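Worksheet: the structure to be examined is printed underneath.
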Amino acid sequence: AIGTDILGNYPASGTVIIAELGEEHMKTGYPVVYTSADSVFQVAAHEAIIPPPRLYEMCRIARNILKGPHSVGRVIARPFIGEPGCFTRTSKRRDYNLKPAGPTLLDALKESGHSVTAIGKIEDIFAGQGITQAVHTRDNQEGVEVTLDIIKSGTGRTVGNQLIFTNLVDFDMLYGHRNDVEGYKAALEYFDSRLPELLGNMDKEDLLVIIADHGCDPTTPGTDHSREYVPLILYGSCIGRGVNLGTRSTFSDLGLSLADIYGLKCSFPGSSFADQIISRS
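Structure follows, in structure tokens:
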């Protein structure tokens, strides 16, 4: 379908397989194909051999093939640079996801006339569905900067009328999967250092939510996602302080709670905790 042979075609760590097959890829021009432990199909190519636009085209073709009853959740384009023995994956990654299986909070917000701004890989994760504006970013620093710029500019900001959804992918891609404890530590310290600026630019009606979509502990052996519970932290002048939300049964609790806070009538699974944090009086 892509008009060329391939290399790989087996489960592998991304950094390992480009180290093993990168030189052959550079000689033959064939893309490197591999899968992950979760529902992911990945295509890697050196930017000087297969330019990113062509790699993206290959991944769109693969996305169109890998659907149906046994569909793959994500197809990922993995550009890299460098020389044999020293290859590095770049920030030009692109994800081609299946569309969500049903309506999401983003859909409900968009249909109600709200602004939904996706920063980082959020647009890719949701296959563009339910999003009104998207900004792709290179790294955590740019993700924080873009988020702050939008908050400060007031773009799309009226009370209760905007969701800014930011993904800081370095924690996962650069440090968690690569078991880089020091890198993870430095990334946490950087984000901590920017939190005061984020908090200082929030209006009294704004709500900050910090959460992860899965574990990715850099101290856990292996390169796959880890299975620890993730934090859920909410902050804002509009909510109560010191509320223990306990261990939630599903991520959907957050989506349903935010729908309630935005005043939307949604029938998502889960249990809303909105009444635990916001006074209705």
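Throughout the sequence shown, residue numbering follows our numbering, covering 3 to 283 in sequence. We put the CB at the ideal spot given by N, CA and C, even for glycine. This one's a predicted model, so the numbers in the text were calculated from it and none came from an experiment.
- Ranked by Cα distance from residue 252, the options 232, 92, 246 are led by 232.
- Contact between residue 34 and residue 19 holds, since their C-beta atoms are separated by about 6 Å, short of 8 Å.
- In the DSSP assignment, the residues bridged to residue 35 are 10, 45.
- Remark: C-beta atoms of residue 121 and residue 139 approach each other more closely than 8 Å.
- Secondary structure note for residue 237: its beta strand (DSSP E) is the uninterrupted segment 234-237.
- Taken in chain order, the whole beta strand (DSSP E) runs of length 3 or more contained in the segment 151-180 are 164-168.
- For the options 149, 81, 23, the alpha carbon positioned closest to that of residue 54 is the one of 81.
- Less than 8 Å separates the beta-carbon of residue 238 from that of residue 208.
- With fewer than 16 other Cβ atoms from the protein chains shown falling within 10 Å of its own Cβ, residue 201 counts as exposed.
- Residue range 107-113 is occupied by the alpha helix (DSSP H) that includes residue 109.
- Between residue 214 and the set 243, 205, 173, the nearest pair of CA atoms involves 173.
- At the C-beta level, residue 93 and residue 141 come within 8 Å of one another.
- Going by beta carbons, residue 57 and residue 74 fall outside the 8 Å limit.
- Annotation: the continuous beta strand (DSSP E) that includes residue 99 extends over 96-99.
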